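*Asks:* Starting off with a structure, shown below.
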Amino acid sequence: MNETNCIFCKIANGEILARLVAESEHAVAFHDIAPAQPVHVLIIPREHHANVSDLAFANPAALVDLMQLASKIAAENTNGAFRFTFNTGAEAGQTVFHAHGHILSKQPKGSID
Ligand code: AMP
Ligand code: ZN
């Protein structure tokens, strides 16, 4: 599934460049363009779904794959303390309507806690 004019579909298919962190069968992870914390990685399903709840019902295998990739990224890039959030709905702060998780940490790997 792919939506025209969806910026994250364009990142997933390589039309728009992003600073890639990791990829898997169903997910792509890249650095947030405006990092809110020292570690701020976005992780998206390759398929277009408006939010994580839609993804959960439409393609649960893709959501598990995405969660596993996020867990690996957190293990490799943080000291083990991180947040993994999916803003869902404009009133909750969602601005890009292609499902995405934010991996956020104040403690990059190797930092002094
Ligand atoms: P949200 O507010 O939860 O919808 O998150 C959208 C996030 O996407 C924000 O943190 C933006 O900084 C980030 N963002 C928007 N465009 C890009 C882009 N081209 N590359 C990387 N991150 C982006
Ligand atoms: Zn999309």
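Quick note: the sequence shown uses numbering that gives the first Met the number 0, first residue 0, plus one each step.
Each residue gets a CB set at the ideal place from its N, CA and C atoms; glycine is no exception.
Only a predicted model underlies this, so the values are computations on that prediction, with no experimental measurement involved.
Taking the C-alpha atoms as reference points, what is the distance between Ala192 and Ser52?
*Replies:* For residue 192 there is no data in the structure shown, the boundaries of the chain being 0 and 112.
*Asks:* Given 6 Å as the limit, tell me if Val20 has its C-beta closer than that to any heavy atom belonging to the ligand AMP.
*Replies:* no
*Asks:* Rounded C-beta distance between Ile102 and Ala74? I'm assuming under 8 Å.
*Replies:* Not a contact, Cβ separation roughly 11 Å.
*Asks:* Okay, do the stretch 18-26 and the stretch 34-44 touch, 3+ Cβ pairs below 8 Å being the bar?
*Replies:* When C-beta atoms of the stretch 18-26 are compared with those of the stretch 34-44, three or more pairs fall below 8 Å, so the two segments count as touching.
*Asks:* Considering only heavy atoms of the ligand GDP and the C-beta of each residue, which residues fall inside 5 Å, strictly closer?
*Replies:* Judged by which ligands are present, the ligand GDP is missing from the structure shown, whose ligands are the ligand AMP and the ligand ZN.
*Asks:* With a threshold of 6 Å, establish whether the CB of Ala33 neighbours any heavy atom of the ligand AMP.
*Replies:* Ala33: yes, Cβ under 6 Å from the ligand AMP.
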